[in-house]
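See structure below.
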Amino acid sequence: MLGFVKDAPPMAAAATPPADFDSPWKDALSFYFEGFLQLLAPWLHQQIDWRHPPVFLDKELQALRRGGGNGRRYVDKLVRVHSKSRKLLYLLIHIEIQGGVI
Numbered sequence: 055m056l057g058f059v060k061d062a063p064p065m066a067a068a069a070t071p072p073a074d075f076d077s078p079w080k081d082a083l084s085f086y087f088e089g090f091l092q093l094l095a096p097w098l099h100q101q102i103d104w105r106h107p108p109v110f111l112d113k114e115l116q117a118l119r120r121g122g123g124n125g126r127r128y129v130d131k132l133v134r135v136h137s138k139s140r141k142l143l144y145l146l147i148h149i150e151i152q153g154g155v156i
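Numbering (our numbering), first residue to last: 55 to 156.
Structure (C-alpha cells):
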C-alpha cells in the first residue's frame, strides 16, 4: 500500500558537481601535442626541435597557482620544448571547452 503525507517538506536536490569538459581535452592535447601545434600554430611548430620530446610541467604549474585565491581554477598546460636555435621554450597553453546549446 502506498501512502502520501500531507505538507511534507520538499526534498532537497542532490548536489551534483559541475561537468568537467576540460580534462579529456587537456589529456588529448598532451597525446597529440605536436599535431595540435602544427594545426593551430604552424609558425611555432616550425621552431621546435621535435627530436627532443616535450616535457609537460603540469605539477609545477599547479604548485605556482596554490594559494592564489579562492574558487575553482583550471590549470592548463605548461610545456617545455627545445627550439631549433638550441633554446628552451616554455609554452603556456589555455584551453577551456564550453558546453551548451547553440
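By construction, the Cβ of each residue, glycine as well, lies at the ideal position given by its N, Cα and C atoms. Quick caveat: nothing in here was measured; it's all calculated off a predicted structure.
Are the CB atoms of residue j and residue i within a distance shorter than 8 Å?
i, j, result
"TRP79", "ILE149", "yes"
"HIS136", "LEU142", "yes"
"ILE147", "LYS131", "yes"
Between which two residues does the beta strand (DSSP E) holding residue i run?
i, result
"LYS80", "Where LYS80 is concerned, there is no enclosing beta strand (DSSP E), although the alpha helix (DSSP H) it sits in stretches over 76 to 85."
"LEU111", "Where LEU111 is concerned, there is no enclosing beta strand (DSSP E), given that its DSSP letter is neither H nor E."
"ARG105", "First-last for ARG105: undefined, no H or E at that position."
"ILE149", "Counting along the chain, ILE149 falls outside any beta strand (DSSP E), and DSSP gives it neither H nor E."
"LYS131", "131 to 136"
Could you please give the first and the last residue of the uninterrupted alpha helix (DSSP H) stretch that includes residue i?
i, result
"HIS99", "96 to 99"
Quick one: Cα of residue i to Cα of residue j, how far?
i, j, result
"LEU94", "ALA82", "15 Å"
"LYS113", "LYS138", "26 Å"
"ILE102", "PRO108", "9 Å"
"LEU111", "ALA69", "33 Å"
Decide if residue i is buried, meaning its Cβ has at least 16 other Cβ atoms within 10 Å, or exposed.
i, result
"VAL133", "buried"
"PHE87", "buried"
"LEU91", "buried"
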